[in-house]
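**Student:** This is the structure, below, for whatever I ask next.
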Amino acid sequence: MKANELLKNKRTTIKLTGDFSRGQRMAELFAEMEDAKATLDAIVAAGEHGSEKYHEALKAFKVAKAEHAKCRDALSDNHYDATMTKSRMEMTNFGCAQLERMAMTDIETRYSQLAQRMKDDEARIANAKERIAQAKAEMKKLTKAYNKHAANKATCEDSSHCLPRR
């Protein structure tokens, strides 16, 4: 728990799945660095500023600080990679969204084309129905006229006054 708290305090982002051991090592190095700093402060407070003990503590502090910096940089690189991966993923999502919009546009275009074709076909069908109705009405008139003339012809042939002319 202490390692996680230290990491949160330093605002270092790690993935718990892959980089936890590296993050844990960084927290340990940070703790070592803090201990070395506390030892240095205690030595300075005791007035042993130039002693051998002071130089050893200073060396330990510098080593811990350098190791901590290396570990932090490695984690930062991983964080950068994760950020880049996230950016790539967002770009992929953007690409997917763009493809989705293109697909929707294609669907909408096709839908409007089919709707227009259907409207045109319905207009042609209505025209054809009107022409059929006109043709039926004309056929009815012609049938009436034909029947009238057929009836007249029959009466003419039966009567003697309708003889054919020479």
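Using this note's numbering, you'd call the opening residue of the sequence shown number 1243 and step up by one each time. Where is the CB? At the ideal position from N, CA and C, for every residue including glycine.
Give the DSSP-derived three-state secondary structure of Gly1260 in the structure shown.
**Tutor:** Its pLDDT being 45, under 50, Gly1260 is placed unreliably in this model, and the value from its coordinates should be taken loosely. In this structure, Gly1260 counts as coil in the three-state DSSP scheme.
**Student:** Is Thr1351 helix, strand or coil by DSSP?
**Tutor:** Helix, per DSSP.
**Student:** With DSSP run on the structure shown, which of helix, strand or coil describes Ala1392?
**Tutor:** Helix, per DSSP.
**Student:** Expressed to the nearest angstrom, what Euclidean distance is found between the alpha-carbon atoms of Gln1355 and Glu1342?
**Tutor:** So the alpha carbons of these two residues sit roughly 20 Å apart.
**Student:** Given a cut-off of 8 Å on the beta-carbon distance, is the pair His1297 and Leu1271 in contact?
**Tutor:** Against a cut-off of 8 Å, the Cβ pair of Leu1271 and His1297 comes out as no contact.
**Student:** With a CB to CB cut of under 8 Å and the five nearest residues on each side skipped, what residues in its chain are close to Leu1282?
**Tutor:** The residues are Tyr1296, Ala1299, Leu1300 and Phe1303.
**Student:** Does the distance from the C-beta atom of Ala1306 to that of Met1346 stay below 8 Å?
**Tutor:** Not closer than 8 Å, so no.
**Student:** Between the alpha carbons of Glu1380 and Glu1350, how many angstroms are there, rounded?
**Tutor:** Each residue's Cα considered, the two are about 45 Å apart.
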